[in-house]
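Asker:
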Amino acid sequence: MDASTEELFDVLIVGAGVVGCALARVLARYALRTGVIDREVDVGEGTSKANSAIVHTGFDAKPGTAEARLVARGSVLWAELAPALHLAYERIGALLVAASPEQVTALDGLRANGLQNGVTGLDVLSREETLRLEPHLSPAACGALSVPGESLIDPFGAAIAQAEVAALNGVQFFLGEEVRAIDRGPAGHIVKTAARRLQTRWLIDAAGLGSDEVAHMLGRREVRVSPRKGEFIVFDKTARRLVHHILLPLPTRISKGVLIAPTVFGNVLLGPTAEDGTDKTDLAVTQDGLRMLLDAGGRMLPDLAAEPIVSTYAGLRAVGDLADYRLEVDPVRRIVLISGIRSTGLTSSPAIAEDVVYRVQEAGLALRPNAAYRPDRPAPSWRPGHLRPCLDGAKVSGAPRYGRIVCLCETVSEGEIVEALHRPVPARTLDGVKKRTWATAGRCQGYFCTAALLAILSREGNAAVGAVTKRGPESEITGGRIIPRERRGA
Amino acid sequence: MSDARVLDVAVTVVGAGPAGLAAATQLAARGVGRVLVLDREDLPGGLPAQSEHRGFGLRRHMIPLSGRRYAEHLVADATRAGAEIRLQCTALKIASREVLAVSPQGLERYRCRAVVLATGCREAPWPYRAAAGSRPAGIFNTAVVHRLLTLMRELPGKRVVVVGSEDVGLMAVRLLQVAGARVAAIVDELPYLLGFRVNYLYSVAVFGVPLLLGHRVLRILGRRRVVGIDVAPSAPGRAQITHIPCDTVVFSGRFVPESTLALEAGIEMAPETIGPAITQHYQTSAAGVFACGNVLHGAESADVAEYEGARAAEAVSRYLAGRLPEEPQVRVVCGPAAASVVPHRLVLTSGEAVPLLARSVAPRRNAVIAIRAAGQRIAWAWRPWVVPHRATMVRISVPTVEHRGQVEVSIRGKRRGPDFTLRSSAVPGE
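Right, here's the structure in full:
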């Protein structure tokens, strides 16, 4: 065992998704020793990275639930938090589109539901008004509920930015380390990974899809999380002209349905599907899923069918065993369980963090302000929706690497890539660079730049090209050096 | 967008591949003024400059040169004629009289009288073709594989499946095998080989690599790194799934125009190719913006790109002299079995000879390519065969004003059957 065995944390958060990162940011305000541990080598690698990238208002949540309360509160918090964190966030509003006269009658009920959840600005629109706002909608649209508070966000940045604020204020991140066991110790808990033992007074289980496994280690065998897969299609930026709002169908019992939304990156997103499964690592898109999405997308927005597809992906929502979020604070054992956050965690994470920290204080954790706390982080030289640094002549003159374009489709310069590799929470993988700079995410999907990116990652990380990974161990990009023929075995 | 150095030039050419260099050479030789060629790479010459294999420049040099040698000729010609080549310089925005570009030397704005887009093409990204599966590490296209093998001396993987049987895919098989990787199979959803048979023999058959024609990729398997792919016959109603274990999948061919600059400039695009729509004078919908080479149609041979570049230069110099007619125009459209055609519009100038490049939707033997204007056949050509990924050039004489109405290209011929002679009987396994 190495020296870290002796480290003692006040709070250790298991899971560096958007919820874990939000908790880390809020806890960093206090004079506490806080740590975050995650088995992935980057933050926000689970449900947090493969979702619909929307901050919801909670207009359709079931009133009275923790989810309804925290989504509504999260929506309010993000509006302030996003600009402060230099995070791309666009309040473009949503239209909940009624596809038949029967659905029009349901709009009033949804509006009432939204009002009950404290959502303001809801408005039922006529067919004409709806089509005026969204001229590319199918003429079958019969009207819509306007939800002006629904917003777009950079989902990767949501986790990264909060983690960076936390890291800059002294929170320690243990990434790429899987929790193997949790034992009781003199101070509270001993968390064991392959490399170390961490002692902590309080333990917060924010492990998303893995929150049941962590709960089981804590003896809470009844906690269950199952994956509900959502597949998405990303359309080329040329499709952006077709969509001005987030377009939602009427929700069903299990899902919000297939939506069409612009992204802060300028693309258009179609998804998700909703398939309940058992395999928490199955991120495969399926032919049936994609076909279903294209059908649904075409019904709502017929012109979308002709737009080029840039990419497809699947994410897994963490569906719990309760109808609502599981948010439990155990003051005796000093354990917090956060589980079953499903698809709304991106929105509710700042509110969950606020709520949990309040309740942990109630349960006896002394919160003294961290005198050195700074609520922001250095602004990255690019964020979605803003001009690239290569367009700033003075910047390029001062630092020529901002003039060396690596990713052509998204005009990402070497400067932004090097920066991403040296941020407070640095990218350590090709996917990490993609999430922070959008390199390789354009219409050529890495045709021009993958080789150059590998060279930069290898150089900056002082590692062989063969050691560069897509998302951590066992995802090495290449198969290693070419062995000269004369040295090859038989 | 501030602090850009402003330079006044006559013509800015974007892309120093065969088309761009040929255009720059001709323009500089005609004395139009300062001609600037921008290229984002470290080396000029486009794709040929990165290719060691022979087969380039047959039209001009009479013998096939290596790509690198051929590119050296192009660069020498352009430099000798007086064109200036700027490397590591990426065009960011184009407009009618202006190109904004950045390089490690700084941000520059070139004010010019004409812009020539010669940005070439690239392979279509794999999500288009591999509909299902996960997205692990180990998925490449041939451009990345080529760079890994030749510039970085890295193997993309140890056991590879190549998807696509165009020449570029066949040659990737050879490169990988020679570098020490094992190619488990080469797969194409079409039932016939797309590349030249000689390349198949030299690059694939010689290594005993199985060829699976008429098979499409159903899904890619693997959580973190590829562990295999499932393929199945593309013919409907046959669901026999073959699993091929591999750690790498290389998607090859299916070249599409690299048209981001044109798209963002709002230039009218041809829906068949998603490349800029042009007249026979290589003029796009934006005044003073011309386009030539593979950005128009996807990959053709370097000879074709060079030829188009030289022709475009002639049109640009006429434009600069105020002698390029722009009206009246008729559209050129794809009729039966024609997948795409370049140019997309014809300016009705009497008797001008114009090459049309037409691609077929599927291979045809004994093919007749017919060009009709207002219903009357104005030109035709016979070819022993046509293939969907290579255009056939038909020279026409531009119809006169009396023939107004659209010009239609159609292709007739005998359907080509599956290449049973090449069908591999061995199912690749462990």
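From first to last, the protein sequence lines stand for chains U and H. First residue of the first sequence? That's 1 in the numbering used here, and the numbers climb one at a time after it. First residue of the second sequence? That's 1001 in the numbering used here, and the numbers climb one at a time after it. Even for Gly, the Cβ is constructed at its ideal location relative to N, Cα and C.
(1) In chain H, which residues lie less than 7 angstroms from U:Cys444 when you measure between Cβ atoms?
(2) For the candidate residues U:Val179, U:Thr450 and U:Lys229, whose alpha-carbon lies nearest to that of U:Gly277?
(3) Report the three-state DSSP secondary structure of H:Arg1390 (helix, strand or coil).
(4) Mind checking which residues open and close the alpha helix (DSSP H) that includes H:His1073?
(5) For U:Cys409, would you say it is in contact with chain H, using Cβ-to-Cβ distances shorter than 9 angstroms as the test?
(6) Which bits of chain H does U:Arg401 rub up against, with CB to CB less than 8 angstroms?
(7) Identify whether U:Gln172 lies in helix, strand or coil by the three-state DSSP scheme.
(8) For the stretch 1029-1058 of chain H, which residues have a beta carbon sitting closer than 7 angstroms to at least one beta carbon of chain U?
(9) One question on the structure: do H:Asp1260 and U:Leu408 come within less than 9 angstroms of each other, judged by their Cβ atoms?
(10) For H:Lys1414, decide whether its Cβ has a neighbour in chain U, counting only Cβ atoms nearer than 9 angstroms.
(11) Anything in the stretch 386-398 of chain U with a Cβ closer than 9 angstroms to a Cβ of chain H? List those residues in chain order, please.
(12) Where does U:Arg485 fall in DSSP's three states?
(13) Quick check on this structure: which residue in U:Gly466, U:Ala94 and U:Glu164 has the alpha carbon closest to the alpha carbon of U:Ala379?
(14) Please report the residue range of the beta strand (DSSP E) in which U:Asp10 lies.
(15) If you run the structure through DSSP and keep just helix, strand and coil, what is U:Val62?
(16) Chain U beta carbons: is any one of them nearer than 9 angstroms to that of H:Ser1301?
(17) When you compare only the Cα positions, how much space is there between U:Gly315 and U:Phe173?
(18) Whose C-beta lies closer than 7 angstroms to the C-beta of H:Leu1263 among residues of the same chain, with five residues either side of it excluded?
(19) Look at the alpha carbon of U:Arg492 and the alpha carbon of U:Pro155, and state the distance between them as a whole number of angstroms.
(20) Can you give the beta carbon distance from U:Thr312 to U:Glu231, rounded, assuming they're within the 8 angstroms contact cut?
(21) Identify the continuous alpha helix (DSSP H) that holds U:Gln287 and give its terminal residues.
(22) In whole angstroms, what is the alpha-carbon distance linking H:Leu1117 and H:Gln1329?
(23) Along the chain, where does the beta strand (DSSP E) that runs through H:Asp1008 open and close?
(24) Can you tell me which residues form a DSSP beta bridge with H:His1243?
(25) Taking C-alpha atoms, which residue in H:Ala1076, H:Val1013 and H:His1073 lies nearest to H:Leu1100?
(26) Expressed to the nearest angstrom, what Euclidean distance is found between the alpha-carbon atoms of H:Glu1052 and H:Pro1064?
(27) DSSP beta-bridge partners for U:Ile54?
(28) Quick one, which of H:Phe1140, H:Arg1359, H:Arg1097 and H:Ala1299 has its alpha-carbon nearest H:Val1009's?
(29) From this set, U:Ile160, U:Ala144 and U:Pro308, which residue's C-alpha is nearest U:Pro251's C-alpha?
(30) Please state whether the Cβ-Cβ distance between U:Ala66 and U:Asp324 is less than 9 angstroms.
(31) When the distance is taken between beta carbons, is U:Tyr447 closer than 9 angstroms to H:Glu1166?
(32) Are the C-beta atoms of U:Ser339 and some chain H residue less than 9 angstroms apart?
(33) Quick one, which of H:Pro1136, H:Ala1391, H:Leu1324 and H:Leu1092 has its alpha-carbon nearest H:Pro1355's?
(34) Buried or exposed for U:Lys498, going by 16 or more other Cβ atoms inside 10 Å?
(35) With DSSP run on the structure shown, which of helix, strand or coil describes U:Val406?
(36) Please return the same chain residues whose Cβ sits closer than 6 angstroms to the Cβ of U:Gln116, not counting the five positions on each side in sequence.
Answerer: Once the coordinates are examined:
(1) Arg1122 and Pro1125
(2) U:Lys229
(3) coil
(4) Gly1067 to Ala1081
(5) yes
(6) Pro1104
(7) strand
(8) Arg1040
(9) As written in the sequence, residue 1260 of chain H is Thr, which differs from the Asp given in the question. Yes, the pair counts as a contact, with Cβ atoms nearer than the cut-off.
(10) no
(11) Leu387, Arg388, Cys390, Leu391, Asp392, Gly393, Ala394, Lys395, Val396 and Ser397
(12) helix
(13) U:Glu164
(14) Leu8 to Val14
(15) It should be pointed out that residue 62 of chain U corresponds to Lys in this sequence rather than to Val. The answer is coil: DSSP assigns U:Lys62 none of H, G, I, E or B.
(16) no
(17) 24 angstroms
(18) Met1269
(19) Here chain U has residues from 1 to 490 only, and residue 492 of chain U is not among them.
(20) 7 angstroms
(21) Gln287 to Met300
(22) 22 angstroms
(23) Arg1005 to Asp1008
(24) H:Asp1230
(25) H:Val1013
(26) 12 angstroms
(27) U:Leu152
(28) H:Arg1097
(29) U:Ala144
(30) yes
(31) no
(32) no
(33) H:Ala1391
(34) Residue numbering for chain U in the displayed model covers 1 to 490; residue 498 of chain U lies beyond these limits and cannot be assessed.
(35) strand
(36) Pro63
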